[in-house]
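Engineer:
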Amino acid sequence: LDIDEAVNNFIQGRVMISYGLLAELSVNEKYRSGETVACGDDELRVDVRVLGPHWVRASQVQLFSNGHMIREAAIPSEPDSPLPTGVKWAGGWTIPKPHHDVHLVAIATGPGVDGLYWRMAKPYQPTSPIWEPRVIGCSGAIWLDADKDGRRTSARDYAERLVAASTNDVTKLIESLSTYDEAVAAQAAHLLRTSGLSLQSQPLLTALKTASSATQAGFRAYAEAWRENEIVRVSP
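Numbering (the working numbering), first residue to last: 1 to 236.
#1: For a cutoff of 7 Å on Cβ pairs, would you count Y158 as touching chain C?
#2: For R71, write down the residues that DSSP places opposite it in a beta bridge.
#3: Count the other CB atoms, across all protein chains shown, that sit within 10 Å of the CB of F10; report buried if there are 16 or more and exposed otherwise.
#4: Tell me P111's beta-bridge partners as DSSP assigns them.
#5: Per DSSP, which one or two residues make a beta bridge with S26?
#6: State the beta-bridge partners of W143 as determined by DSSP.
#7: Measuring CB to CB, does H100 end up less than 7 Å from Y180?
#8: Which term fits P129, buried or exposed, when burial requires 16 or more other beta carbons within 10 angstroms of its beta carbon?
#9: Using three-state DSSP, classify Y124 as helix, strand or coil.
#10: Just the C-alpha distance for R233 and T127, rounded to the nearest angstrom, thanks.
#11: Short of 8 Å in beta carbon distance, which residues of its chain neighbour S198, apart from the five on each side in sequence? Order them along the chain.
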């Protein structure tokens, strides 16, 4: 094992996560995990291949954009046509070019294995007495350079720009978020809260009433997560 090469691959995102399954992701039959797609004006072809040993079953595959699920498919226990050995599912979707940079990730899941030959272990820190084991495979991220600036711009980067440009005008900020996704909106909500603005302030709530559905969802998701975090922090 070349340690330097392994570390570099990890830093570049040329990695996958596997607990029983593998999920391979590609865009336009060319770009793989850890790479950046130079988007044109056309739609994008996204393909996923799910792999695993014969004793593991895959039941679902999902495609995420900036952490938000945008496509999914059920994986039949018996494929319609023969697949190569080890391949559980192969397929994909055509998606529109996003308005801004995003990263894509594919996740495949299936029922856990309870056979004595490969029984799955319970979590070390369970959150519930009810446990449903699952196998999972997660691809590395592929970035889409939709704004064509030659770099990967994260949701946090976009949010920082928009918050700075709004100059403390929440109405202006909410309007500027209209072409961005939930992830950017959630980051903007975080920046507003940490700047001292209450997420329950009347000007913000008024502006959100006419916001895009993605903006509303992003602010709502952030507010709920922050509230749950505060409850845990004060719990004995």
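Cβ coordinates follow ideal geometry from the N, Cα and C atoms, glycine included.
Structural biologist: For this structure:
#1: Of the chains in the structure shown, none is chain C; there is only one protein chain.
#2: Bridge partners of R71: L63.
#3: Result: exposed.
#4: DSSP output for P111 lists R134 as bridge partner(s).
#5: Checking the DSSP bridge columns, you'll see S26 partnered with R32 and D47.
#6: W143 has T36 and H103 as its beta-bridge partners, per DSSP.
#7: Going by beta carbons, H100 and Y180 fall inside the 7 Å limit.
#8: P129 is classed as exposed because its beta carbon has fewer than 16 other beta carbons within 10 Å across all chains shown.
#9: In the structure shown, the three-state DSSP call for Y124 is coil.
#10: Straight-line Cα distance between these residues: approximately 16 Å.
#11: Only L204 meet the Cβ criterion.
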